[in-house]
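**Student:** I have a structure here, written as structure tokens, and I will follow up with some questions on it.
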Amino acid sequence: MIDVLGIARRMCATCAVPYGLWLSRFGPAAAYDAWLTEASGSEVAATERQTRAFVARRGYGPQLLPGEGSAMAGYVASGKRIPRRGEVGYSADDIDCFERLGYVMSGSRHKRMNAVRLRKENQVYTAEQQRALTLFHQEERKKREEEIHAELHHLLRSQKQKALTEDPDP
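Under full-length UniProt numbering, the residue at position 4 of the sequence shown is numbered 4, and the numbers go up by one with no gaps.
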């Protein structure tokens with residue numbers, strides 16, 4: 001199969017990713033976008049864009065560059081693996097397929113880079129966990145307040161009913 005740039009593409013048997021795709025990715029972005037739309041359908045690409053748009057700019061600490069934390073949080077929010085350097089644009093299945101074929105991804109060779117990546121990932125995961133925990137506590141607090149409100153309402157109703165049933169004859 002020949003792609004837009006005339007690169008012969010062989011398909012991986014397990015994940016159907018073209019081997020020559022990485023060459024076209026460094027060329028015009030339209031070639032990769034066309035393949036992405038053809039391979040995954042426009043609905044998948046649209047939901048991915050919407051997920052990334054919903055992730056607002058948040059504070060993830062001073063160690064991350066502006067926008068880096070929100071980009072990583074976008075991957076976390078959509079349940080995807082956070083890509084390393086050179087892996088952006090590929091899905092986790094594609095990367096696993098390449099690694100099974102014997103390719104070594106550029107970000108997996110350096111111990112220092114892996115340590116930095118792990119620290120940044122943990123920083124994003126910690127921030128997201130804190131947000132989820134805060135939301136959980138707010139919901140629990142709201143439930144407790146509603147229960148107390150319902151108990152007080154029931155108590156007032158029973159006292160009012162009791163006062164109406166008793167005859168205040170002197």
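Cβ coordinates follow ideal geometry from the N, Cα and C atoms, glycine included. All values reported here derive from a predicted model rather than from experimental measurement.
On the DSSP letters alone, give me the boundaries of the alpha helix (DSSP H) that H149 sits inside.
**Tutor:** K111 to T165
**Student:** Quick one: using the 10 Å Cβ neighbour count with 16 as the cut-off for buried, is I148 buried or exposed?
**Tutor:** exposed
**Student:** If you check the beta carbons only, do M105 and R84 fall under 8 Å apart?
**Tutor:** yes
**Student:** Determine the burial state of A132: buried for a count of at least 16 other Cβ atoms within 10 Å of its Cβ, exposed for fewer.
**Tutor:** exposed
**Student:** Have a look at Q129 and A77 and give me their C-alpha separation to the nearest angstrom.
**Tutor:** 11 Å
**Student:** What are the boundary residues of the alpha helix (DSSP H) that includes L101?
**Tutor:** Run containing L101: A92 to L101, per the alpha helix (DSSP H) assignment.
**Student:** Distance check for L65 and I82, CA to CA, integer angstroms please.
**Tutor:** 16 Å
**Student:** Could you check where the alpha helix (DSSP H) with G69 kicks off and where it finishes?
**Tutor:** Boundaries of the alpha helix (DSSP H) around G69: E68 to A77.
**Student:** Give me the Cβ distance between Q123 and G61, rounded to the nearest whole Å; I'm assuming they're in contact under 8 Å.
**Tutor:** 5 Å
**Student:** Checking 8 Å against the spacing of the C-beta atoms, do A71 and K80 come in under that value?
**Tutor:** no
**Student:** Taking all protein chains shown into account, decide if G102 is buried (16 or more other Cβ within 10 angstroms of its Cβ) or exposed.
**Tutor:** With fewer than 16 other CB atoms across the displayed protein chains lying within 10 angstroms of its CB, G102 is exposed.
**Student:** Quick one: what's got a C-beta closer than 6 Å to I95's C-beta in the same chain, skipping five residues either side?
**Tutor:** E87
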